[in-house]
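Encoded as C-alpha cells, the structure appears first; notes follow it.
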Amino acid sequence: MNDTVHDPSALPATLPGFAPRFARDSVALAALAMLALLILAAIFAPWIAPQNPYDLAQLDLMDSKLAPGAAGADGRHFLLGTDEQGRDIFSAILYGMRTSLIAGSVSTVLALIIGLFFGLCAAWFRGWVDAIIMRVADLQLSFPSILIALVLLAALGQGLDKIIFALVAVQWAYYARTARAAGMAEREKDYLSAAIALGLKTPRIIFRHLLPNCLPPLMVVATVQIAAAISLEATLSFLGLGLPITEPSLGLLIANGYAHLLSGKYWISFFPGLTLLVLIVCINLVADRLRDLFDPRRTDTGSN
Amino acid sequence: MMKFNIRLWICVATLLANAAMAGDLRIGMSADITSMDPHAVNITPNNNIGWHVFDALVHVDADARIAPGLAQSWRAVDDTTWEFKLRRNVKFHDGSPFTADDVLFSMDRAEKLPNGQYASFVQRLTDRRAVDPYTVRVKTATPYAMVPYDLNSIFIVSKKAAANASPEDFNNGKAMIGTGPFRFTRFARGDRVELAKNPTYWGGAPAWDKVIFRIIPNDPARIAALLSGDIDAIEAIPTPDLARIRADKRFRLAQKVSWRTIFFHMDQWRDVSPFVTDRSGKPLPKNPLKDVNVRLAISKAINRQAIVERLMENAAIPASNLVSPPVFGHVAAIKPEANDPEAAKQLLARAGYPDGFALTLHAPNNRYVNDDQIAQSVAQMLTRVGISTKVETMPINVYLPKARNGDFSFSMLGWGSFSGDLALRALLATPNADKGYGAWNWSRYANPAMDKLLDQGFATVDEKKREGIAREAAAIALKDQAVIPIHHQIAVWAMKANINYVARTDEYTFAHHMK
Amino acid sequence: MPGFLLQRLAQALLVIFIMSLLVFGGVYAIGDPMAMMIPPDATQADAARMAAALGLDQPLWRQYGVFLSQALHGNLGVSFAFHVPAVTLILERLPATLELAIAATLMAIIFGIPLGLYAGLRPNGFIGRSIMAGSILGFSLPTFWVGLIFILVFSVQLGWLPASGRGETVDVFGVPLSFLTADGLQHMLMPALNLALFKLALVTRLVRAGAREALSLDYVRFARAKGLTEARVIGAHVLRNILIPVVTVIGLEFGSLVAFAVVTETIFAWPGMGKLLIDSINVLDRPVVVAYLCVTVTLFVLINLAVDLAYAALDPRVRLGGEAR
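So, in C-alpha cells, the structure goes:
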C-alpha cells in the first residue's frame, strides 16, 4: 500500500508560536473568548448571581414563574424570569453551568483515558486480551445508562459524583472501541513494524507511536462526547435520575422547563437551553481548531 | 422529486386524518395499559378498559359513592350474609344471557387466577351461591360491611367465553366478552386499545361507534396530540397547560375534585430518626416528630393556598382530611390548617426547639402531579420557620421500596380511596398483618382508640352509622396531626369543544360518559 | 473462519450469562419488585401471597437459579406487569424499534457522508463552515427538547405531521411494518429524524475529519499529482480512508440507537422496545429487563461481528481472529 512512515513524535505544532497561529482563525478566537467568559462566569457565579439558587431559604413560591424582567414580591427584578419555585433563572444558569461543565468535562476526560487505555491494549495485544476487553465493552454498551444511573441512585443516593461515575461508565466503551479500531489499522502500518524491529519497548511503542496516531479520530468523538455527556446528564435529569432537584444543572433546568414549553412560559427552559447551546458550540469550535493545530499529519495551518 | 413526494404524503395524510368518522372518539391516556384480563393486574388504566368492556355488580358514581351496576339492589340479610339481586335481560356481547352463574364464575376466577391481583376482593366471601339465576348470596366469616365495595372491583366475565381462559386469551380478544357499553376490537400493547359500540347496552347505547384509547404517558406529547387534532380528548392535563387550554375556544375542560390526597408521613416510632438532626447535622436526643406540637408547627408552616395556586394552577384544593370532600367519611368540620409561620415558630420553641432542627424530606419525582415541585416548596416553607430542610427526590421505583422499608423520616405519599375508613385502615391503623391494618402506615402512628373505632365501623352494616364512625375515627387521627395533608387533587380532562364529559372523582375516563 | 465465529459465539454466551447476573443484582439493588406491584388496597397477607406466587419471597440466589434453569429451557420468565412471557413482549416491540433505528441510521449515512465530505474538501469555505456549525446543533441540545420542538412546530403550529404514535402497519410475514404505508411513513418521519440528529452530526464530523486526513496523505497527493480526476481520487482513496471509523461508529451507534431510543420513543409515544425497557425498569419488571438485555447483548455482539467482518472486507490488512500472526 501507499503507506509512508510517519514520525509522530515530531509534532508540528510546537508551543512557541502556538497562540498567534491559533489566533489566525478569527472564529475560533471569538469562540475561545466566549468560552473563557462563560467559564469565568461559572467560576465566579456566587459573586455575580443576584441569588443563590441552591439555597431554598432564598426562594419564594410567591415569585413563581415570573416573566423575564418582572418584579417579584419584594420588588426585586428578575432579568431572565423565574422557575416554578421562584428561582431566578439568571442565577440558576450561572450555577447550573458550573455543574454541567464539571459533569461534562470530568466524565469525558476520565472516560477518554480509560477507554483509550483499554482500546489500545486490545489493539496491541489482541488475542484473549482483545476478546475480554471488547466483550466487556459490548456488555457495557448494551447495558442501559438509565439502569446504571438507577442502581447508583438507589445504592448511593443523589449527587454530582454519582452522575459523573454513571457518565464515565456509559462512555468509556465508546472510546475503547474507537481506539481499538484506530489502533488495529495503525498497527499494521510499516512504521510500527519498524519500531518493533528496532526492539523498542512495548509501552514506549504504544504511548509514543501508536497513541498519537490514534488520537485524531478519538478527539472527534471526544469533543462530540463532552456535549453528549452534558446532554446525557440532562436526559437523566429528565428521567428523574440526575442531580438533586434543588441544585439544578443546565440540563435539569431544561428538563424542568420542558413541561412549560407548550404553555408559553418559554423562559424556564429557553435561556438554559440557549446557554447550553452557546457553551457547546464554543467548546467545539475551540476543539476543532486545536485539533487542526495539533494533528501530527497536518502541516498546513488552515488560514482564514 | 423527494420534496414532491413528501408533500404528497402530507396531502394524503391530511385527507386520512379528516376522513376519521364522525362517530369515532380518540382518547389520549396518561398511563400504560398492561393487560386486558380483568382479573390479572389491578392498576387504574387496566380497570379503566375493564369498565368499558365489562361491568361489576356494584358501580361507583361520579362522586365516588357506590351505586347499582349489574346488581339492581343488595341488602344484608344478616350481619354475615349479603344478597345481590341481578339485573334481568342483560346480554353479553356474544348474545348469551347474563346470569348468576357468570357472577360465581367470575368470583372464582378472580380468586384462583395465578398471580391475579383481585383475589383479596373475594377471599372474605367464604360461601358464594346462586339462590336462583338472578339472585346471588355470599357469606363472610365475621360481620363485614365492605362487601358491596369489594365487589365493585370484580369484573363479571362470561362463563362461556372465559372458561379456562388465560390472560393472553383476553389480550387477543377470544375471551374478551363482557356486558359493558363497548365491545373489544383490538389491543396493541404499548400503543392503543380499540373498542366498538355495544348498541344493546343495558345502560343505553353509547354515543360513539368506535373508541380508540391511545397510550401517551408523556405529558407534553399528550397535550400536543390534542392541540394538533390527532386525538379528541385527553385525561390528566399537566398543570402548566391548564391556562392555555382554558383560553383556547377549540377546547373544553371538565374537572372535579379527585379522591387523591397528597400528604406527608412522619416518623413517629423511632427515638432517633435517620433524617432528623439538629441544625449542625448532629443527632438529636429525641425525635421531634413524635411531639404533636412539632407536627402542628409543621402543618402551620405550610402555605397550602400558595401551593395550590402557584404550583397546581388551582387544580387542587387545600386538604385537612385524608379523603376529599365528596368521599364517604370526609370530616367537613376540620378545616385545612391556616398558614401561620409565627405560630409555628412559637410552637417549635415551646416544644424545645427554639432554633429549629434539620430534616431531609423525601418524595418521588414521577408519580404524583408536580410531586418534586411540591416537595421543594414544602422544604422552602419549613426552612423559613427554622426547620432547615433538604429535599431528595427519586423515581417511584427507587422510592417505594425504601419508603416501605421505613428508610425515611418525612416522606410524601398520594392516596385515593373511596371511603375514609378504608384510607385509615391502610394509612394510619396500627400495623397488624392479621387484620390487614396499616399496610401503608409509614409513620407507624398507633392509636388504639382509633383502631377500635375502625373495627367497629367495618362490622357495621348500616351505611349511615358506619359513616359516622368513620368520621369519628378520622377526627382522632387528624387532631393528632398523624400525617400532614397538603391538598386534594382536582382531576381535569380536556376535549374538543363539541364534546361533554361528566367528570369523575375516581379519575376514570369513560368514553360512554362523553357525549 | 468457522473457528473465529465459534469463538465469538462462545464469548457471546458468556457475556449474556454475566449480563443476566448483573441485571439480577442491579434490580435487587434498586428495590423489591413487590413494592411496585401490590395494589394500594392489598393487605400484608395479599402481598405475601403474591410474593410467594412469583417466587419473590425466595433468597436472591435461589431466584436466580430458577431463572437460569428456566432460561436453559428457552423460557426467560413471565412479565410481572403484563402477565405475558417477556420474550413475547420484546419480539412484539422489536419491529417498531428496528424500523425507527434503521430509518435514523439511513438518514445519518445518506446526509452525513456527503455533508462531511463536502466540509472536508472545502474546510474553509462558507458552506463547509456552516455545515460544521450546523452539525453542532445536532448534539448540543437534549433529544427530548428537540423532539418536543419538532412536535410544536410541525404538528401543533403547522399541522403537517401527526404528533405521536405509530401509523398504520402492514403485516409482512407476520411482522407489522409501518414504512410501507403513507400514514406509517408520516408518523415515522419526526421520530426518525429526532433519533438521527445526533448520529448525523457524528457521521458528518467523522467523515470530514477522515477526508481532511486523507487529503494530506502522500498517496492521495501522489494520486492527485498523477492527474487522476478529483472524483476518482475521492471515490477510490479518500472514501476508503474514512470508511473504517465510520463503519465502527455506525455499528456502535446502531446498537445504541436500538437500546437508547428510549427518549424518542417516550416523547413520540412510539411503541418500541426502548419504551418497554424504561416502563419495565420503572415498575421493576425484572423478567422483562433481563430478557430485554439478553436480546440487546446478542444484537450488539452480532453487530460487532458484522463490523469486524466489514473491516476485513474494507481493509485487507486487518485479519480476522484473535492471534497476531
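Chains as they are written, first to last, in this note's numbering: chain G, 1 to 304; chain X, 1 to 515; chain B, 1 to 325. Built from N, CA and C at the ideal position, the CB exists for glycine as well.
Residues of chain X whose Cβ lies closer than 8 Å to the Cβ of G31 of chain B are, in chain order, N397, V398, L400, P401, K402. When DSSP states are grouped into helix, strand and coil, P114 of chain B belongs to the helix group. D421 of chain X and P144 of chain G have their C-alpha atoms roughly 43 Å apart.
Collapsing the DSSP output to three states places N284 of chain G in a helix. A buried status is given to F170 of chain X, since no fewer than 16 other beta-carbon atoms sit within 10 Å of its beta-carbon.
Taking all protein chains in view, the Cβ of F92 of chain X is crowded by 16 or more other Cβ atoms within 10 Å, so the residue is classified as buried. Annotation: A459 of chain X to L293 of chain B spans about 50 Å, alpha carbon to alpha carbon. Residues of chain B with a Cβ closer than 9 Å to the Cβ of W415 of chain X are, in chain order, P40. The C-alpha of I113 of chain B lies about 20 Å from the C-alpha of Q225 of chain G. In terms of Cβ geometry, A269 of chain B and I234 of chain X do not form a close pair [threshold 8 Å].
According to the DSSP secondary-structure assignment, W415 of chain X is paired through a beta bridge with X:T261. When secondary structure is reduced to three states using DSSP, N47 of chain X falls in the helix class. Listed by position along chain B, the residues whose Cβ is nearer than 7 Å to that of V122 of chain X form an empty set, because the closest Cβ is around 12 Å away. Taking 8 Å as the CB threshold, L152 of chain B lines the interface with chain X.
In the DSSP assignment, A233 of chain X is bridged to X:I27, X:M495.
Contact with chain G is found for M394 of chain X, since one of that chain's Cβ atoms lies less than 8 Å from the residue's Cβ.
Contact with chain G is found for R384 of chain X, since one of that chain's Cβ atoms lies less than 8 Å from the residue's Cβ. At the C-beta level, G96 of chain G and L59 of chain G stay beyond 8 Å of one another. For V156 of chain B, a Cβ of chain X is located within less than 8 Å of the residue's own Cβ. Residue pairing by DSSP leaves H237 of chain B without any beta bridge partner.
Taken in chain order, the whole beta strand (DSSP E) runs of length 3 or more contained in the region 351 to 385 of chain X are 358 to 364. According to the DSSP assignment, D161 of chain G belongs to no beta strand (DSSP E) but to the alpha helix (DSSP H) extending over 160 to 187. Secondary structure at A130 of chain X: strand, using DSSP grouped into helix, strand and coil. The three-state secondary structure of A64 of chain X, taken from DSSP, is coil. Counting only Cβ-Cβ distances below 7 Å, K275 of chain B has contacts in chain X at G190, in chain order. Taking CB atoms only, Y266 of chain G has no neighbour in chain X less than 8 Å away. A check of alpha carbon separations from I66 of chain X across X:P326, X:A247, X:S411 identifies X:P326 as the nearest. Within chain G, the residues whose beta carbon sits less than 8 Å from that of N365 of chain X are G240, I245, listed in sequence order.
For the region 139 to 164 of chain B, the continuous alpha helix (DSSP H) assignments of 4+ residues that do not extend past its boundaries occur at 143 to 150, in sequence order.
Three or more Cβ pairs closer than 8 Å define a contact, and the region 317 to 334 of chain X meets that threshold against the region 257 to 265 of chain X.
Counting only the Cα atoms, Y368 of chain X lies some 9 Å from L413 of chain X.
Counting only the Cα atoms, A122 of chain G lies some 6 Å from R180 of chain G. At a C-beta separation below 8 Å, V41 of chain X has these neighbours in chain B: A81, F82, H83.
Take L210 of chain G, set aside five residues on each side of it, and the residues of its chain with a beta-carbon closer than 8 Å to its own are L120, A123, W124, G183, E186, R187, L192, in chain order. In the pairwise beta carbon analysis, the region 130 to 146 of chain B is classified as not touching the region 212 to 223 of chain B: fewer than three pairs are separated by under 8 Å. The beta-carbon distance between A225 of chain X and A503 of chain X, rounded to whole angstroms, is 20 Å. This is too long to meet the 8 Å contact definition.
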